[in-house]
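Q: Here full-length UniProt numbering is used: the first residue of the sequence shown is 1, the next is one more, and so on.
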Amino acid sequence: MAAVLDALWEDRDVRFDITAQQMKTRPGEVLIDCLDSIEDTKGNNGDRGRLLVTNLRIIWHSLALPRVNLSVGYNSIINITTRTANSKLRGQTEALYILTKSNNTRFEFIFTNVVPGSPRLFTSVIAVHRAYETSKMYRDLKLRGALIQNKQLRLLPQEQVYDKINGVWNLSSDQGNLGTFFITNVRIVWHANMNESFNVSIPYLQIVMDYEMEEKPQPLEELTVDQLPDDVEIEPDEQTDAFTAYFADGNKQQDREPIYSEELGLAIEKLKDGFTLQGLWEVMGS
Numbered sequence: 001m002a003a004v005l006d007a008l009w010e011d012r013d014v015r016f017d018i019t020a021q022q023m024k025t026r027p028g029e030v031l032i033d034c035l036d037s038i039e040d041t042k043g044n045n046g047d048r049g050r051l052l053v054t055n056l057r058i059i060w061h062s063l064a065l066p067r068v069n070l071s072v073g074y075n076s077i078i079n080i081t082t083r084t085a086n087s088k089l090r091g092q093t094e095a096l097y098i099l100t101k102s103n104n105t106r107f108e109f110i111f112t113n114v115v116p117g118s119p120r121l122f123t124s125v126i127a128v129h130r131a132y133e134t135s136k137m138y139r140d141l142k143l144r145g146a147l148i149q150n151k152q153l154r155l156l157p158q159e160q161v162y163d164k165i166n167g168v169w170n171l172s173s174d175q176g177n178l179g180t181f182f183i184t185n186v187r188i189v190w191h192a193n194m195n196e197s198f199n200v201s202i203p204y205l206q207i208v209m210d211y212e213m214e215e216k217p218q219p220l221e222e223l224t225v226d227q228l229p230d231d232v233e234i235e236p237d238e239q240t241d242a243f244t245a246y247f248a249d250g251n252k253q254q255d256r257e258p259i260y261s262e263e264l265g266l267a268i269e270k271l272k273d274g275f276t277l278q279g280l281w282e283v284m285g286s
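Laid out in structure tokens, this is it:
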């Protein structure tokens, strides 16, 4: 299971500065819309970029530096709203706010369309994300759902039943339950004959087959490998702060108070605790 989900990361992860290969669509991924002149107002304010909308994720990359990019999978999205934001390219304007959660960390993204009067940024992303949310039955395991009606499987769009098998035992409990098994082109479904609400829907994407092979034992000396001393010095990774600009800032309702910066010679918004101007410049230059 873990291997399958790791292989299919595009719709589940939030990733920053991915490689050119990772930006390409994977098998089964379809590019739905491409929007130019989109600003990443949260992390790269003032930088014009391109937003790609696929059936699995949204990808933004800078037009000036394509290696500056991000990938947001739809499964990581908690909420999508439209709010007013301050853009260096548009000033105060309506923007798309996306709140996500990945690996127990919340990230907030703000995208602004530099071209005025175009609603495609909002309509494309919101519509595709809604379609992803309403099609989870094709991908996710479902327990005790409204799967059966009049002793027949409620089919998903374009789903076909290949076989129906009666008298299949579910042995997940000590007593066991006798039920009916459906095999379709999308998933396998089982329900108990005595209680149709006791059921499970398992898409093929969630299934992993394990095989055990008997091997001839080898002498212990053939399995022993001499460990060579490591001549490697591990340096601390300085790139871990590249995504801190996207951290969701709690329930922030307004900008922090302005303070005078002696380094810049002008007024700036007060930095959050633990952040310095020097550290932010290092992130921008990386």
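Every residue, glycine too, gets a C-beta built ideally from N, C-alpha and C.
Since the model is a prediction, treat every value here as computed from it, not as a measurement.
Which runs of the alpha helix (DSSP H) at least 4 residues long sit entirely within the stretch 117-179? Give them in chain order.
A: Here the runs fully enclosed are 120-133.
Q: Tell me where the beta strand (DSSP E) around glutamine 92 begins and ends.
A: Per DSSP, glutamine 92 belongs to the beta strand (DSSP E) from 91-102.
Q: Can you grab the Cα-Cα spacing for the pair leucine 155 / leucine 205, in whole Å?
A: Cα-Cα distance, rounded: 17 Å.
Q: What are the partner residues of isoleucine 259, as DSSP defines its beta bridges?
A: Isoleucine 259 is bridged to Ile268.
Q: Is DSSP giving alanine 85 helix, strand or coil here?
A: In this structure, alanine 85 counts as strand in the three-state DSSP scheme.
Q: One question on the structure: do serine 87 and threonine 93 come within less than 9 Å of each other, judged by their Cβ atoms?
A: Cβ atoms of serine 87 and threonine 93: closer than 9 Å.
Q: Between serine 71 and isoleucine 18, which are expected to be in contact by the criterion C-beta below 8 Å, what is the C-beta distance as a whole number of angstroms?
A: Contact holds; Cβ gap of about 6 Å.
Q: Among the candidates Glu159, Ala85, Arg106 and Glu269, whose CA atom is the shortest distance from the CA of arginine 187?
A: It is Glu159.
Q: Do three or more CB pairs link the stretch 52-59 to the stretch 25-37 at distances below 8 Å?
A: A contact exists between the stretch 52-59 and the stretch 25-37.
Q: By DSSP, does alanine 64 sit in helix, in strand, or in coil?
A: Of the three classes helix, strand and coil, the one that applies to alanine 64 here is coil, per DSSP.
Q: Please say whether glutamate 196 and lysine 142 have beta carbons closer to each other than 9 Å?
A: Against a cut-off of 9 Å, the Cβ pair of glutamate 196 and lysine 142 comes out as no contact.
Q: Between the Cα of phenylalanine 182 and those of Glu29, Ile148, Glu10 and Val125, spot the shortest distance and give me the residue it belongs to.
A: Minimum Cα distance to phenylalanine 182 is reached at Ile148.
Q: Kindly list the residues whose CB is nearer than 7 Å to the CB of histidine 191, restricted to its own chain and excluding five residues on each side of it in sequence; keep chain order.
A: Cβ neighbours of histidine 191 beyond the five flanking positions: Leu147, Ile148, Gly179, Thr180, Phe198 and Asn199.
Q: Considering only the alpha carbon of each residue, which of Asn185, Gly145 and Asn170 lies closest to tyrosine 162?
A: When only C-alpha atoms are compared, the closest one is Asn185.
Q: Whose C-beta lies closer than 8 Å to the C-beta of serine 124 among residues of the same chain, with five residues either side of it excluded?
A: These residues qualify, in order along the chain: Ile32, Asp33, Leu35 and Val53.
Q: For a test of the three-state rule: what should DSSP assign to alanine 192, helix, strand or coil?
A: Alanine 192 falls in the strand class under three-state DSSP.
Q: Which of the three DSSP states is assigned to serine 76 in this structure?
A: Residue state, collapsed to three classes: helix.
Q: Excluding the 5 residues preceding and the 5 following asparagine 75 in the sequence, name in chain order all residues of the same chain whose CB lies nearer than 7 Å to its CB.
A: Same-chain partners within the cutoff: Asp11 and Arg12.
Q: Mapping the DSSP letters down to three states, classify leucine 35 as helix, strand or coil.
A: Strand at leucine 35.
Q: Taking the alpha-carbon of glycine 46 as reference, which of Asn113, Ile58 and Met23 has the nearest alpha-carbon?
A: The residue with the shortest Cα to Cα distance from glycine 46 is Asn113.
Q: Less than 6 Å between C-beta atoms, sequence neighbours within five positions excluded: which residues of the same chain meet that for leucine 277?
A: Around leucine 277: Glu263.
Q: Of the residues Pro157, Phe16, Leu266 and Ser118, which one's Cα is nearest the Cα of lysine 136?
A: That would be Pro157, whose Cα lies nearest to the Cα of lysine 136.
Q: Tell me whether leucine 271 counts as near the ligand FAD, meaning its Cβ is closer than 8 Å to at least one heavy atom of that ligand.
A: The model on display carries no ligand, and the ligand FAD is accordingly not part of it.
Q: Please confirm whether alanine 85 and isoleucine 59 have their CB atoms less than 9 Å apart.
A: Cβ distance not < 9 Å, so alanine 85 and isoleucine 59 don't count as in contact.
Q: In or out: arginine 15 buried (at least 16 other Cβ within 10 Å) or exposed?
A: Per the 10 Å Cβ criterion, buried.
Q: Report the partner residues of glycine 49 according to the DSSP bridge assignment.
A: According to DSSP, which records beta bridges pairwise, glycine 49 is partnered with Ile38 and Ser62.
Q: May I ask which residues mark the beginning and end of the alpha helix (DSSP H) holding alanine 20?
A: First-last of the alpha helix (DSSP H) with alanine 20: 20-23.
Q: Would you check if the distance between the CB atom of leucine 63 and the CB atom of isoleucine 77 is smaller than 9 Å?
A: No. Outside cutoff.
Q: Mind checking which residues open and close the beta strand (DSSP E) that includes proline 203?
A: Proline 203 -> beta strand (DSSP E) spans 199-203.
Q: Locate the beta strand (DSSP E) running through phenylalanine 275, then write down its first and last residues.
A: Run containing phenylalanine 275: none; DSSP gives neither H nor E here.
Q: From methionine 23 to valine 68, what distance separates their C-alpha atoms?
A: Distance between the alpha carbons of methionine 23 and valine 68: 11 Å.
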